[in-house]
Amino acid sequence: MGRVVGLLVLLLVLVFLVLVVLVLVLFHLQLVVLELVVLLVLLLQLLVLVQLKLWNRSSRL
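Numbering (this note's numbering), first residue to last: 1 to 61.
Given below as structure tokens:
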């Protein structure tokens with residue numbers, strides 16, 4: 001299950017990166033770029049925390 005969760009997280013990250021690239025190409029706005037970068041960093045931090053919690057639970061079991 002851990003590997004499946006990891007693959008799903010990787011797919012989500014790739015989808016977010018693709019969306020960011022599309023937004024950059026379509027709008028070329030520096031403010032929007034900065035906001036998206038901040039949001040991506042926060043999302044990545046949340047994903048890492050969730051994965052660590054899942055791994056801790058699986059290791060305890």
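Note that beta-carbon positions come from the ideal geometry of N, C-alpha and C, so glycine has one too.
Taking L54 and G2 to be in contact with their CB atoms under 8 Å, please state how far apart those CB atoms are, rounded to whole angstroms. 7 Å
What does the alpha-carbon distance come out to for the pair L26 and L11? 23 Å
Sequence-distant residues of the same chain with beta carbon closer than 8 Å to V32, five excluded per side: V23
Cβ atoms of F16 and L43: under 9 Å apart, would you say? yes
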